[in-house]
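S.K.:
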Amino acid sequence: MSDPATTDRFGDSYEVFVRSHRGVEHVHCGTVRAADPDLALQRARDLFTRRSEGVSIWLVPSSAVIASAPADRPELFDPAGHHPYRSAAYYPVPAGVTGL
């Protein structure tokens, strides 16, 4: 069933990720709208790989994307101050070790 927030008269919304060549990661390129995943793949290919620069395309329904809110930042991204052992500075450097 389609999510009304990501569906309109043009179809469902899909996030497009393209891998430009082997050995590199997929990169988010944009969003396409289509009635079904096959049509979305064709549209993504036409829009984001015009000069044969892509070797792989991933499509993710926009309704499947979950994002954090700015208010979640401290909980998700601040260092864990109550776990000092997670920092390399917590451990003593053994005698004779150089270059750290």
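All residue numbers for the sequence shown refer to our numbering, where the first residue is -6 and numbers rise by one.
Cβ atoms here follow ideal geometry from the backbone N, Cα and C, with glycine treated the same way.
A quick note: this is a predicted structure, and the numbers were derived from the prediction, not measured.
(1) Which residues in the same chain have their Cβ closer than 8 Å to the Cβ of Ser6, if we skip the five residues on either side of it in sequence?
(2) By how many angstroms is the C-alpha of Val58 removed from the C-alpha of Phe41?
(3) Whole angstroms is fine: what's the gap from His75's alpha carbon to Leu69's?
(4) Just grab the DSSP bridge partners of Ile94 for me.
(5) Are the beta-carbon atoms of Arg12 and Val48 separated by less than 8 Å?
(6) Which residue marks the beginning of the alpha helix (DSSP H) containing Leu112, and which one marks its end?
(7) Using 10 angstroms around the beta-carbon of Val90, count the other beta-carbons present and answer buried if the total reaches 16, otherwise exposed.
(8) Let me check understanding here. Comparing Cα to Cα, which of Val17, Leu52 and Arg66 lies closest to Glu46?
(9) Rank Arg15, Asp29, Ala33 and Ala88 by C-alpha distance to the C-alpha of Val9 and give the top, closest one.
M.R.: Looking at the coordinates:
(1) Thr(-1), Thr0, Thr24, Val25, Arg26, Pro54, Ser55 and Ser56
(2) 20 Å
(3) 14 Å
(4) Not covered by the structure: residue 94. The range shown for the chain is -6 to 93.
(5) yes
(6) Past the boundaries of the shown model lies residue 112; the chain is included only from -6 to 93, so the question cannot be answered.
(7) exposed
(8) Val17
(9) Ala33
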